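Chemist: Quick one: the structure is below, and I'll ask about it shortly.
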Amino acid sequence: MSKKQLNSIGNTISGIIVLLICGYTIFRIFMAFIGYVRNFINTLSNMDAVVTVALITGSLSFLSVCISSIVSKILEYKQNTKRYLYEIKEAPYSEFIDMVYRFHKTFHLSRTI
969 MSKKQLNSIG NTISGIIVLL ICGYTIFRIF MAFIGYVRNF INTLSNMDAV
1019 VTVALITGSL SFLSVCISSI VSKILEYKQN TKRYLYEIKE APYSEFIDMV
1069 YRFHKTFHLS RTI
């Protein structure tokens, strides 16, 4: 086997190991989250109705604030990217329009002479 093939095999094995570690970590986080939700539900069943409603309302408010902040950051990033691309495209478009006007002007001048 050549050195390039061995390097490729080594990179593939390393990638598989990293994917397995990431998958296991995500699985553990998900299972911990499920456990926290179960404990939360069990605690709610033992509390007074007013406290239960307040906890559920607070949890939903916190979740909606987190989701809306994430969505707003994503939209802001997309908008900044579009703005940056528009600024980059503006100079070539201006040059193109200027060239069209110059061509049009010279064409009309040559026809009138």
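Residues 969 to 1081 (my numbering) make up the sequence shown, in order. Ideal Cβ placement from N, Cα and C applies to all residues, glycine included. These figures come from a predicted structure and were not determined experimentally.
1. DSSP three-state label for N1014, please.
2. For S970, which of helix, strand or coil comes out of DSSP?
3. Thinking L1023 and L1031 are a contact (beta carbons under 8 Å), I'd like their distance in whole angstroms, please.
Modeler: On the basis of the data shown:
1. coil
2. coil
3. Contact doesn't hold; Cβ gap of about 12 Å is too wide.
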